[in-house]
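Reviewing the structure listed below.
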Amino acid sequence: MVLTGTVLLNECQKRLILLWSYRFNFMLETFMIGFLFVGISFFVSGGRPEPEQMAPALLGYLTWFFAVFAISDMSHGIREETQTGTLEQMYMSPLPSGLLLAGRSVASIFISSGMVILIGGILMLLLGIRIPVRPAGVPVFALTLAGLYGFAFFLGGATLVFKQVNALSNLLTNMLLFLNGSFLTVERMPGWMEAFARSLPSTQGIDVLRRVVLDDMSLASVWQDGSLVWLTVHTGVFLFAGWGVFLWGERVARKRGLLGQY
Numbered sequence: 001m002v003l004t005g006t007v008l009l010n011e012c013q014k015r016l017i018l019l020w021s022y023r024f025n026f027m028l029e030t031f032m033i034g035f036l037f038v039g040i041s042f043f044v045s046g047g048r049p050e051p052e053q054m055a056p057a058l059l060g061y062l063t064w065f066f067a068v069f070a071i072s073d074m075s076h077g078i079r080e081e082t083q084t085g086t087l088e089q090m091y092m093s094p095l096p097s098g099l100l101l102a103g104r105s106v107a108s109i110f111i112s113s114g115m116v117i118l119i120g121g122i123l124m125l126l127l128g129i130r131i132p133v134r135p136a137g138v139p140v141f142a143l144t145l146a147g148l149y150g151f152a153f154f155l156g157g158a159t160l161v162f163k164q165v166n167a168l169s170n171l172l173t174n175m176l177l178f179l180n181g182s183f184l185t186v187e188r189m190p191g192w193m194e195a196f197a198r199s200l201p202s203t204q205g206i207d208v209l210r211r212v213v214l215d216d217m218s219l220a221s222v223w224q225d226g227s228l229v230w231l232t233v234h235t236g237v238f239l240f241a242g243w244g245v246f247l248w249g250e251r252v253a254r255k256r257g258l259l260g261q262y
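Under the UniProt record's numbering, the residue at position 208 of the sequence shown is numbered 208, and the numbers go up by one with no gaps.
What follows is the structure, encoded as structure tokens:
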């Protein structure tokens, strides 16, 4: 337990040091994320966005931001550590690599949560958007995050083997933004596109979050209508499949001696 806490603390400290070292870039990214939401909202609403209409969009958009952060931290983070030569050092550590990666993921959640609170708070204040805080949304959000990080582990495994997967990660993050129901509900999509969108990580989570947080539905209600059941199954599949792909990539990288190469 003490070891786990130490790993988590070290990873959080490392992330904060990196953010502070590149604080100008961090501030520009924060502005860009907020500006992107405002811009897309104006286009989707025909230039007349209403706070009531923007609340579901903002909830989905902030969830998408967690996906961006998870994918960037896992895929781009591994690539950068390979370039700097620190990835091989991680695997030389006496600590299990799984523990170190779990610490990285938890630290990533803490850092991204702080950014989401900052960006979301500013947007809600400036645009008059109200998103209530409901305890029932916590387990739904946790399930959504678990699925997103499972998806991120899938890209992390691919990065260990193929090194350059920037095009794939950028494609997937942009795909999630426009197909996970953040700005256009999946029910309004063509049948084949709706089926594909519902298979993506975060889509089902956003749907259930809106029902629980904005529509004030209980967890029992969303469980009975099957939406929470599907989210649980969906998360489990992404989490275990992503972890399996990462372990596969780890084995291949060790066998081919790719951990110290870029």
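Each residue gets a CB set at the ideal place from its N, CA and C atoms; glycine is no exception.
In whole angstroms, what separates the C-alpha of Pro201 from that of Leu239? 10 Å
Can the beta-carbon of Val212 be found closer than 8 Å to that of Arg198? It is not a contact, given that the beta carbons lie outside the stated cut-off.
Could you tell me how far apart the beta carbons of Leu58 and Ile129 are, in whole angstroms, since I believe they sit closer than 8 Å? 6 Å
Could you check what DSSP says for Gln164 in three-state terms: helix, strand or coil? coil
So the candidates are Tyr149, Phe66, Phe35; which of them puts its Cα closest to the Cα of Ser113? Phe66
Can you round the beta-carbon distance between Gly242 and Phe154 to whole angstroms, since I take them to be within the 8 Å contact cut? 4 Å
Check whether Gly205 and Thr159 have beta carbons under 8 Å apart: no
Could you say which of Asp216, Phe162, Thr235, Leu36 lies nearest to Ile131 if we only look at CA atoms? Asp216
Rounded to whole angstroms, what's the CA-CA distance from Ile119 to Gly249? Just pull it up for me. 35 Å
Do Phe26 and Leu16 have their CB atoms nearer than 8 Å? Cβ distance not < 8 Å, so Phe26 and Leu16 don't count as in contact.
Taking Cβ to Cβ, would you say Ala136 is nearer than 8 Å to Leu219? A contact, by the Cβ cut-off of 8 Å.
For Ile117, the nearest candidate out of Ser169, Ile33, Lys163, Ser182 (CA to CA): Ile33
Mapping DSSP to helix, strand and coil, what is Leu184? coil
Can you tell me which of the three DSSP states Arg48 falls into? coil
Leaving out five residues before and five after Trp230 in sequence, what residues of the same chain have Cβ atoms less than 7 Å from its Cβ? Gln204
So Ile206 is in the alpha helix (DSSP H); what residue range does that whole segment cover? From DSSP, the alpha helix (DSSP H) with Ile206 extends over 203-209.
Same chain, Cβ closer than 6 Å to Arg104, five either side skipped, listed in chain order: Excluding sequence positions up to five before and after Arg104, its CB lies within less than 6 Å of the CB of Glu11, all in the same chain and listed in chain order.
Exposed or buried, which one is Ala70 when buried takes at least 16 other CB atoms within 10 Å? buried
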